[in-house]
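Trainee:
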Amino acid sequence: MKAVTRAHDVSAFIVDWFAKDEMSDLVTNLKLQKLLYFSQGLFGALYDRRLFDESIEAWDMGPVVPDSYHEFKACGRHPIETVEGAIAIADKEAEIALRITCEKFGKYSAGYLVDLTHTEPTWIGSYKRARSAEIAFEDMTQHFKEYWLPKLDLNDEYKDSFVARVHGAFESAQKAPEQSADDLLAELNI
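Per full-length UniProt numbering, the very first residue in the sequence shown carries number 1; after that it's consecutive.
Written out as structure tokens, the structure reads:
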């Protein structure tokens with residue numbers, strides 16, 4: 001099954017998410033790579049399909065999407081301010097998984113996320129095989145189903161409630177095209 005979007009577009013969503021939040025730090029390339037890993041794993045666990053097709057590899061500093069890393073490496077340790085040429089995420093399930101990723105994992109520093117991903121069996125197993133070995137999507141999905149979904153406490157009631165809120169807000173937005181993105185987020189209570 002074809003992936004929902006590209007890692008480039010997921011990167012744009014994540015960078016924009018934190019740029020809009022005046023209380024949070026902007027995203028560096030290092031932090032972005034970890035959030036791409038968590039978004040792919042969470043989406044796979046929730047919906048049994050890939051969020052994006054690009055591979056994730058086990059590098060020294062944790063999971064990395066090589067194409068994305070090279071795209072933003074010129075930023076160095078500085079925050080990524082914008083992502084050019086991105087297409088907005090239109091898939092509702094993708095947006096749900098990305099919002100959960102940003103809310104649950106985005107609050108942590110890049111250093112903490114590196115340490116956290118270094119405890120992930122998917123990274124450990126791939127890294128032991130070979131540096132820069134691909135982390136198998138199937139292994140990542142299984143791990144997220146068994147470990148992260150219960151730990152994140154995204155029970156069906158929460159998921160169904162959140163999905164219902166998102167669907168309701170999108171329906172309202174379609175009926176009132178003059179509604180701004182901020183109005184939509186306020187309606188979602190996010």
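Each residue gets a CB set at the ideal place from its N, CA and C atoms; glycine is no exception. Predicted model, so just to flag it, every value in this text is computed and none were measured.
One question on the structure: do K145 and A45 come within less than 8 Å of each other, judged by their Cβ atoms?
Mentor: A contact, by the Cβ cut-off of 8 Å.
Trainee: Tell me whether the beta-carbon of I100 lies closer than 8 Å to the beta-carbon of D9.
Mentor: Not closer than 8 Å, so no.
Trainee: Buried or exposed: which applies to E57, given that a residue is buried once 16 or more other Cβ atoms fall within 10 Å of its Cβ?
Mentor: E57 comes out buried.
Trainee: Just the C-alpha distance for G62 and E171, rounded to the nearest angstrom, thanks.
Mentor: Approximately 39 Å between the Cα atoms of the pair.
Trainee: How far does the alpha helix (DSSP H) with P121 in it reach, from first residue to last?
Mentor: P121 -> alpha helix (DSSP H) spans P121 to R129.
Trainee: Less than 8 Å between the CB atoms is what I'm expecting for I80 and T28, so what's the real figure, rounded?
Mentor: Confirmed, Cβ separation roughly 7 Å.
Trainee: Assuming S68 and L32 are in contact, meaning their beta carbons sit under 8 Å apart, how far apart are those beta carbons, in whole angstroms?
Mentor: Right, the Cβ-Cβ distance comes to about 7 Å (below 8 Å), so this counts as a contact.
Trainee: Tell me E57's beta-bridge partners as DSSP assigns them.
Mentor: The partner list for E57 (beta bridge, DSSP) reads V64 and E134.
Trainee: Between the C-alpha atoms of A97 and L42, what's the straight-line distance to the nearest angstrom?
Mentor: The straight-line gap from Cα to Cα measures roughly 6 Å.
Trainee: Do K2 and A110 come within 8 Å of each other at the CB atom, strictly closer than that value?
Mentor: No, these two residues do not count as a Cβ contact at 8 Å.
Trainee: With 16 other CB atoms within 10 Å as the buried threshold, where does T82 fall?
Mentor: So T82 counts as exposed.
Trainee: Using a 10 Å radius around the Cβ and a threshold of 16 neighbouring Cβ atoms, would you call T119 buried or exposed?
Mentor: Result: exposed.
Trainee: Going by the C-beta, is G111 closer than 7 Å to any heavy atom of the ligand NAP?
Mentor: Judged by which ligands are present, the structure shown has none, so any question about the ligand NAP falls away.
Trainee: My output table needs one value for T5: the three-state DSSP class, helix, strand or coil.
Mentor: Looking at T5 - three-state DSSP - the assignment turns out to be strand.
Trainee: Report back the beta-carbon spacing between T117 and D139 to the nearest angstrom; my notes put them in contact at under 8 Å.
Mentor: With 8 Å as the limit, T117 and D139 do not qualify as a contact, their Cβ atoms being about 14 Å apart.
Trainee: Within the continuous alpha helix (DSSP H) that includes V114, where are the two ends?
Mentor: Here the alpha helix (DSSP H) through V114 covers A110 to T117.
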